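Single-structure report; data block below.
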Amino acid sequence: MISGGWVCALHVRTAGLGGAALGSDEEEIVYLAYVVIDVLTNQ
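Residues 428 to 470, numbered by our numbering, are exactly what the sequence shown covers, in order.
Written out as C-alpha coordinates, the structure is:
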(Lines of atoms letter the chains of each structure in order from A and count residues from 1; the text may use other names and numbers.)
(Lines give C-alpha, C1' and ligand atoms only; values in the text may rest on other atoms or scores of the structure.)
Protein backbone atom coordinates (compact mmCIF):
# COMPACT_ATOMS: atom_id res chain seq x y z
CA MET A 1 0.00 0.00 0.00
CA ILE A 2 1.22 3.48 -0.84
CA SER A 3 1.57 5.67 2.25
CA GLY A 4 2.07 8.99 0.48
CA GLY A 5 3.98 10.81 -2.19
CA TRP A 6 3.38 11.96 -5.72
CA VAL A 7 2.85 10.45 -9.13
CA CYS A 8 4.25 12.38 -12.09
CA ALA A 9 3.54 11.84 -15.79
CA LEU A 10 5.27 13.55 -18.72
CA HIS A 11 3.99 13.55 -22.31
CA VAL A 12 6.15 14.93 -25.14
CA ARG A 13 4.97 15.12 -28.75
CA THR A 14 7.00 15.97 -31.84
CA ALA A 15 6.20 16.31 -35.52
CA GLY A 16 7.72 14.52 -38.45
CA LEU A 17 7.39 11.94 -41.13
CA GLY A 18 6.19 8.41 -40.46
CA GLY A 19 6.44 5.03 -42.14
CA ALA A 20 9.59 4.34 -44.17
CA ALA A 21 10.71 7.98 -43.74
CA LEU A 22 10.50 7.81 -39.93
CA GLY A 23 13.51 9.56 -38.41
CA SER A 24 14.63 11.19 -41.66
CA ASP A 25 13.55 14.63 -40.50
CA GLU A 26 13.86 16.27 -37.12
CA GLU A 27 11.34 18.69 -35.65
CA GLU A 28 11.23 20.64 -32.43
CA ILE A 29 8.97 19.57 -29.58
CA VAL A 30 5.48 20.80 -30.47
CA TYR A 31 3.60 19.70 -27.34
CA LEU A 32 4.75 19.23 -23.77
CA ALA A 33 2.43 18.37 -20.89
CA TYR A 34 2.96 17.17 -17.35
CA VAL A 35 0.84 16.33 -14.35
CA VAL A 36 1.78 15.85 -10.72
CA ILE A 37 -0.75 14.07 -8.49
CA ASP A 38 -0.66 13.96 -4.70
CA VAL A 39 -1.42 10.33 -3.89
CA LEU A 40 -3.03 11.11 -0.53
CA THR A 41 -5.59 13.61 -1.87
CA ASN A 42 -5.84 12.47 -5.53
CA GLN A 43 -5.36 16.10 -6.62
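C-beta atoms are modelled at their ideal positions from N, C-alpha and C, and glycine is treated no differently.
Computed from a predicted structure; not experimentally measured.
Worksheet entry | Assigned secondary structure, A442 (DSSP; H/G/I helix, E/B strand, else coil) | Along the sequence shown, read from residue 1 onward, the residue named residue 442 stands at position 15. A442 falls in the coil class under three-state DSSP.
Practice prompt. Compute the distance between the beta-carbons of G431 and V463, then report whether it is under 8 Å.
Written response: Residue mapping note: residue 431 aligns to position 4 of the sequence shown, counting from 1. Residue mapping note: residue 463 aligns to position 36 of the sequence shown, counting from 1. In this structure, V463 does not lie closer than 8 Å to G431 by Cβ.
Worksheet entry | Residues near V447 in its chain [Cβ-Cβ closer than 6 Å; skip 5 each side] | Counting from one through the sequence shown, the residue named residue 447 turns up at place 20. Here the sequence assigns Ala to residue 447, which means Val is not the residue at that position. If we look at A447 and ignore the five residues flanking it on each side, it has no Cβ neighbours.
Worksheet item: What residues in its chain sit with their C-beta under 6 Å from that of A436, if we drop five residues either side in the sequence?
Response: By one-based count along the sequence shown, residue 436 stands at place 9. Once the five neighbours on either side are set aside, the close Cβ partners of A436 are V462.
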